[in-house]
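Read through the structure below, which is laid out as structure tokens, and then see the notes.
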Amino acid sequence: MALPELKQSTTEARLASLSLPEGGCLDAARRAAVSRVQTMGLPDRRDEYWKYTRPDTLTSADAPNAAVFDSGEAPMFDTFDRIRIVFVDGVFDAEASDDLSLEGVNIERLAEIQGKDIHWAKDIYGVLEARGQTPVERPLAALNTAFATDGVVVHVTGKPSKPINLVYRHETESSDAILHHVIKVDSGAEATILENGPAASRFNKAMEIDIADNGTLHLVRAQGRDHERRAATHLFARLGTEAVFKSFTLTVNGVLTRNEAVVEFLGDDAVAHVAGACVGDGDFHHDDTVFVTHDAVNCESRQVFKKVLRNGATGVFQGKILVKEGAQKTDGYQISQSLLLDDDSQFLAKPELEIYADDVACSHGSTSGAIDEDGLFYLRSRGVPESEATDLMTLAFLAEAVEEIEDDEIAASINDRLYGWLARRR
Amino acid sequence: MLEIKNLHVKLEEEDKQILKGVNLTVEAGKVHAIMGPNGSGKSTLSYVLSGKDGYEVTEGSASLLGEELLELEPEERAALGVFLAFQYPVEIPGVGNMTFLRTAVNAQRKARGEEELSATDFLKHVREKAKELKIDAEMLKRPVNVGFSGGEKKRNEILQMAMLEPKMCILDETDSGLDVDAMKLVADGVNALRDEGRGFLVITHYQRLLDHIKPDVVHIMADGRIVKTGGPELALEVENNGYADILSEVA
Ligand SMILES: Nc1ncnc2c1ncn2[C@@H]1O[C@H](COP(=O)(O)OP(=O)(O)OP(=O)(O)O)[C@@H](O)[C@H]1O
Ligand SMILES: [Mg+2]
């Protein structure tokens, strides 16, 4: 079926602006992804899945410029003992990165492995992304698979002693980066991945995560504070029996962010939590789009998304729990809430449940509102000044999402950033 | 200490007069009780004194230790020494009780130009007071009032009062929902704070609390006014005969 004319021309223009890496073990996956993009076409505003978020600046041939922002803050996770892998405007920076050897994990770069004829990553690269194209199309992810210039290929075989930190620096105001990461967690293995930084003026990132039986992965990311940056990110996670996946995303500023997460339970008794906290002021549009598929018995999924919006900022949440036939004893929870600090800001939510099993417990809720006046008065009546009371209430509102981070130190560092954002606006 | 003169208050949102000329003076070192039928304006008076939004003062004044209260923000009144133990303490999910207490104590100290309490001093102090009120450490860690029983919430109010050491303590039905033992604990907590520099305004429906916290003066409020003032015997009269006699007498 032919694409609508505008979609066709946008897609062609974008494809023409990129060059396809050739040869090696990922060649077939890349070519297949190109044809997926050609068939689907890149998203436009008429697409139902993009009803609340305009994709044009994410699909245009050239990335809109974004000023490099100096926050004056130390980089996130700076005080942690971790392995740093630094990308500057999407380009690997060997000098700024640490030595990549660490017991319990094998870290390689996508740019290095793609020349090889055989590599395990071939079984995951573009595979989870392709699975994630049904029932809802995600053309920007296919575009990523086709054209990603680099990324990390991480094989977690044990329990590495420190987190792996992907650092994304933004130094050029016209940068347009496409990175693709593949994470494979072996049975019984456990690792933490940290991501932070604005990455580029426009960032298209995909991460495919395959967690074997009993494997555990913690993912905590902090999308950088550059006000004009844009990002479309995709996370595809596939879980085996008793696997655990916990993801948290902090978004502070950014003119446009679309974070998609696609989680699929293939083995029984697994747990996946996908959480996010975002704070936006003014020219800020943040979209969390999540799709969780239960295709196994007795799995638990949680989606916890909190947004604090002011000065006309917009928050979007599209979240779905799909419970397939036979996925009995599913425990699915989804909550999306926004705290609107003024009347100009808005929150658009589309929570969905689709259930084909009879013995399940699924709940979802979405709310949007101002700070609780009674709570505020209670705090003030005890002598807490209004601005501080408001901050306390705001952090409290975000707490349910931040609490999804298991590591207390990491959670505290996230809270610090949130507090800083609030304090700067007092 | 607390001087309320001809206080008239209406609701901001609707044309409804609730307080219709309240006159009341609480001297330092004294305990005044206010009783009165449901809806007579007792909680409204306590809210207006502590600075809650939604009320409009149309006439009259209120001052604490010579400072006009009604123009001040709630936190400024708190720093001056006003404390309200809420009839319905508010639940604040996500804010830990301990964080809340420490923020409050230090905010008030800061507002008064005093040094902030160190974390260890604060902790020691809270533990001591909490123990006296039989509030366990677990409750201190939980979010403010969330999942607390009715009686636990009231004890938590008294804990805050004990920590903040206010000048003017207003207790709005702190006895409601308390079992006999908890009532005693709360009364002990209040009595421990009684001293010459501190005034109390105790709103209650029952004599029982006043058996433990002996009032110096008892007021009856009806339809937005103090209609009768007397000694402790007035509370006994209410307990025995209800309000009918008193109200018809003043009508
Ligand atoms: N915010 C409000 N909106 C509407 N009505 C109000 C509001 N606040 C107070 N009122 C009304 O004002 C009157 C006095 O209420 P208030 O709570 O002060 O009574 P009270 O004496 O404390 O009663 P109780 O003994 O039942 O606690 C009542 O009729 C109440 O319904
Ligand atoms: Mg009342």
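Chains as they are written, first to last, in this note's numbering: chain A, -1 to 424; chain B, 84 to 334.
Here a beta-carbon is modelled for each residue, glycine too, at the ideal position from N, C-alpha and C.
Everything numeric in this text was worked out from a predicted model, so none of it was measured.
Note that the C-beta distance between F303(A) and V260(A) is not below 8 Å.
The Cβ atoms of A245(B) and K212(B) lie closer than 8 Å to each other. T291(A) and D372(A) have their C-alpha atoms spaced approximately 39 Å apart.
The contact set of Y417(A) on chain B, defined by CB atoms closer than 9 Å, is empty, because the minimum CB distance reaches about 12 Å. Note that the C-beta distance between L390(A) and V400(A) is not below 8 Å.
Take L261(B), set aside five residues on each side of it, and the residues of its chain with a beta-carbon closer than 7 Å to its own are G234, K237 and V269, in chain order.
A heavy atom of ligand 2 is found nearer than 7 Å to the CB of S126(B).
Taken residue by residue, none of the segment 291 to 310 of chain B has a beta-carbon sitting less than 7 Å from a beta-carbon on chain A. Beta-carbon to beta-carbon, M205(A) and L233(A) are separated by about 5 Å, close enough to satisfy the 8 Å threshold. In the structure shown, Q316(A) falls within a strand segment according to DSSP collapsed to helix, strand and coil.
For the segment 124 to 147 of chain B, the residues whose beta carbon sits under 9 Å from a beta carbon of chain A are, in order, Y130, S133, G134, K135, D136 and G137. If you look at M38(A), you'll find it in the alpha helix (DSSP H) that goes D25 to M38. Closer than 8 Å to the CB of S379(A) there is at least one CB belonging to chain B. Distance between A175(A) and A146(A), taken at the CA atoms: about 8 Å. If you check the C-beta of L107(B) against ligand 1, you find no heavy atom less than 7 Å away. The segment 59 to 75 of chain A makes contact with the segment 225 to 232 of chain A; the number of CB pairs closer than 8 Å reaches 3 or more.
When C-alpha distances from H208(B) are compared across L292(B), P176(B), E248(B) and E221(B), the shortest belongs to E248(B). For the 8 Å CB-CB criterion, V277(A) and L416(A) form a contact. Its Cα nearest to that of R422(A), the residue S385(A) stands out among S385(A), K160(A), D97(A) and I116(A). With contacts defined by Cβ atoms closer than 8 Å, L216(B) and G272(B) form a contacting pair.
In the structure shown, the three-state DSSP call for S69(A) is coil. Against chain A, the CB of T257(B) has no partner CB under 8 Å away; the residue lies outside that interface. Take the alpha-carbon of E71(A) and the one of G313(A): they are about 25 Å apart.
Within the same chain, and ignoring the five residues on either side of A144(A) in sequence, the residues whose Cβ sits closer than 7 Å to its Cβ are L18, R28, A31, V32 and V35. Interface criterion not met: the Cβ of P120(B) is under 8 Å from no Cβ in chain A. Among the CB atoms of chain A, none fall inside 8 Å of the CB of L223(B). At least one heavy atom of ligand 2 falls within 7 Å of the beta-carbon of D255(B). As the crow flies, the alpha-carbon of K327(A) is around 9 Å from that of D356(A).
At a cut-off of 7 Å, the beta-carbon of Q170(B) counts as near ligand 2: some heavy atom of the ligand is closer than that. The Cβ atoms of I162(A) and A189(A) lie closer than 8 Å to each other. Across the structure, V358(A) and G230(B) are spaced so that their CA atoms are roughly 27 Å apart. Counting along the chain, K236(B) sits inside the alpha helix (DSSP H) bounded by residues G233 to L247.
Using a C-beta cut-off of 8 Å, the segment 190 to 209 of chain B makes no contact with the segment 143 to 157 of chain B, since fewer than three inter-stretch Cβ pairs fall below that distance. At a cut-off of 8 Å between C-beta atoms, D97(A) does not count as an interface residue with respect to chain B. Taken in chain order, the whole beta strand (DSSP E) runs of length 3 or more contained in the segment 201 to 256 of chain A are 214 to 221, 228 to 237 and 242 to 250. I329(B): not part of any beta strand (DSSP E); member of the alpha helix (DSSP H) spanning A327 to V333, first to last residue.
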